[in-house]
Structures are given as structure tokens and as C-alpha cells.
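Those sequence lines, one after another, are chains A and B.
Using our numbering, the first residue of the first sequence is number 469, and each one after it goes up by one.
Using our numbering, the first residue of the second sequence is number 63, and each one after it goes up by one.
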Amino acid sequence: MIPAIAIILVFQLTGEVAARGLGLVLPGPVLGLLLLVLACALRPRLAEMLRPVVTAILGHLSLFFVPAGVGVVAHLGQFRSDGLAVVLALTVSTALAIAAGALAFRAVARWTGGAEE
Amino acid sequence: MTDAALIWSYLTQGPLLWLTATLIAYWLGDSFFRAMGRQSWANPVLCAVILLACVLGLTGTSYQTYFEGAQFVHFMLGPATVALGMPLYDNLRRVRRAALPLVAALVAGSVTAVVSALAIGKAFGLGVVMLASLAPKSTTAPVAIGIAEGLGGEPTITAVLVLVTGIIGAIIATPLLNALGIRDWRARGFSLGVAAHGIGTARAFQVNETAGAFAGIGMGLNAVLTSVIAPLALYWFG
């Protein structure tokens, strides 16, 4: 378990150092994500070693944003003034994004003739 | 009385109290979510946040004090983002087989999510900080919080906007996709994962296994693409 945690932290650390050192727009942990995919693709045995810890972390993914979520109490005033605009932006934009993604997928899948799964 | 006050003042100085409270609140929220048959509106994070906000308000505790305890949980956002690479790795073969439709859907969904949210927000006169917090709202929470921090947004606002986006997506996806006549489970799942991250993915898994797997892929790829699109779009609208 400890080696797996250490390796995940090393991916994140490498990502942070690279993102800051090279001035990239990608957040460090996202680079860490890409490093993990790359490393697992090169060494499938690594994936099996990391899997138990990864499964444990991903199983409680939503717990980790509770502290940031609680921070909203510090911004309640802002939501009172901007609430309507924010709710409208979230609802309309989410509906448009789902529609755009699904229609683009269907159009290109028909064009390339890929079989459905 | 004095003893209780002494114990209270001792507890408020260390991280133990609020770390414990965070875990218990999430536990209660998760139990409620299960008891309600995993309905999207009974989101465990939303329940935990409301519970903790009430407790902080009743005890007169500042967010700063709370965060000293909760920061250990908050730290896990980074490793959790790295861990999201694993489902992506597991599905590499399926990604390759449907590469072109996936790229098209990813770009269309991701750009629409960021640009339309910013356009509506800007039209209604939202401030710069609110726009920066809004831009990554379709991205999975740990990444969205990182992006918002980098853009000068308010991470705590982003956390709530991400949650609400996920719940909206999970509720509207099925009627919307039916109305559009989209029958391919890959397209249905993937577009929901791109637009509504983990909560959308959980919803997709409830409906269909293939939709769920592709929603997970959409969530992972969108995390990467939004990191690039959000700063560009915000620069454009700013």
C-alpha cells in the first residue's frame, strides 16, 4: 500500500514541478494523471500494483470536495446577488454541452462508420 | 461549565474536531443518499456541506478554523486527480476504437460548456472572480478547483458550482437525449461525462454499463481539455 501511495504522490509531485517549472496551463495533478496513464501503458504490472489504492481513493472521490464546498458559507452574500444568473448559466450551459457532445459524436460516428457497442 | 469551556477551547485549537466532523457529516450524507435510493438531488456532498455549514453557524466557528482540520481531506483532491488516470488507462482500447467520434464530442462538449457558461454569465453582469470560478464548472471537482485557483477564481464557489452542474446534468440528461433521438449508448454516456463529470457518470452507470464507461472516459478527457480551454476562453471574455 505504501509504495502505491508513494508512486501516486511522485506522479503528482512531478506534475507540479513540471507545470510550474515550464509555466504550463495544465494543473500539476492533471499532468500527474497523464503520467499515470503513460506509465501504466508502458508497464501494465504497475497498474495492477496501484489498483487497490486507486480504487480506494476513487471510491470516496466526493468526500474530498466537502471542505471546499463548506467554504460557500463565506460567500453566501455573493450568491444572494448573483444567484439567478449563476443558476441560469449552469442549467443552459449544461444542457447545451450535453446536446453538442452527443450530436457531434453521432455525426462523426456515422461519417466514419464505426460500429455501435 | 468551566470544564466544558476548557475542553471546547482545547478542541478548537487542533485539527481533530473538524476533521472528525467532516468525516461524520459525509458519512451521514452518504447514508441519506443510499436511503433515498441514490437519487441525484440527495447528493451526499451537498448534504454534508449543508450539515457542516449549520454546525459552523451554530457554534460560531470561522471557515478558517474549520479548514485547519479539514485541510487533510482537501489535500486528497490532488492524489485523487492522479488516480482518475486509472479508468482512462483501463479503457484505452475502447477509446482508440472510437477515437474520431470521441475527439469531436469532447471538443464540442467541452468548448460549449465553458463558452456558453461564460457568455451567459457575462451577459448577466457577473464579476471577474465569479466568471473565473464558473469557467471549469463541468470538470471533475478536484481539477475544477485547481483550474479556478489558477484563474484567480474562488475555489470554494467552484466546488459548489461543480456540484450543482453535476446534479443538473444527471437530472436533465435522459429526457434531453431522448428528445434529440440519440440512441448510441457511447454518445449518451460520453456527452454526459463531459458536461457533468462524476455525478453524471454515476447517473450514466445507473442507466447502462456502456454509457457509464464512456461517461468516465468523457470526464477524464474533459479534465485535461478544460485545463487548456478555460484560461483561453476567460482571456477572451475578460
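For every residue, glycine included, the Cβ atom is placed at its ideal position computed from N, Cα and C.
Taking C-alpha positions only, A161/B is separated from R248/B by approximately 12 angstroms.
Taken in chain order, the members of the region 192-208 of chain B whose beta-carbon sits within less than 7 angstroms of a beta-carbon on chain A are M192, L196, K199, S200, A203, P204, V205, I207, G208. Assignment of F129/B by DSSP, reduced to helix, strand and coil, places it in the helix class.
Annotation: Cβ neighbours of Y125/B in chain A (cutoff 8 angstroms, chain order): V538, G539, V541, A542. When the beta-carbon positions are compared, A486/A and L499/A come within less than 8 angstroms of each other. Neighbours of L490/A across chain B, judged by C-beta separation under 8 angstroms, do not exist; the nearest C-beta is about 14 angstroms away.
In the three-state DSSP reduction, T201/B falls in the coil class, being neither helix nor strand. Our two residues, A557/A and Q268/B, have alpha carbons roughly 27 angstroms apart in a direct line. In the DSSP assignment, Q268/B falls within the unbroken alpha helix (DSSP H) covering 247-269. Counting C-beta atoms within 10 angstroms of its own C-beta, E271/B has fewer than 16 neighbours from the protein chains shown and is therefore classed as exposed.
Chain-ordered, the chain A residues with CB closer than 9 angstroms to the CB of F186/B read D550, L552, A553, V554, L556, A557. Contact between T288/B and S172/B holds: CB atoms are separated by about 6 angstroms, below the 8 angstroms threshold.
Membership of T123/B in any alpha helix (DSSP H) is not indicated, and neither H nor E is assigned to it by DSSP.
In this structure, the alpha-carbon of V576/A lies about 22 angstroms from that of V286/B.
The straight-line gap separating the alpha-carbon atoms of G278/B and L139/B is approximately 17 angstroms. Counting C-beta atoms within 10 angstroms of its own C-beta, V534/A has 16 or more neighbours from the protein chains shown and is therefore classed as buried. In this structure, G262/B is the residue among P237/B, L238/B, G262/B, L79/B with its C-alpha nearest to the C-alpha of V224/B.
For D65/B, the number of other beta carbons within 10 angstroms of its own is below 16, and it is reported as exposed. N240/B: member of the alpha helix (DSSP H) spanning 217-242, first to last residue. For the set D152/B, S124/B, T174/B, G147/B, the Cα lying nearest the Cα of L502/A is the one of G147/B. Counted as a single uninterrupted DSSP element, the alpha helix (DSSP H) harbouring W70/B occupies residues 64-73.
Taking a Cβ-Cβ cut-off of 9 angstroms, L510/A has no neighbours in chain B, whose nearest Cβ is about 11 angstroms from it.
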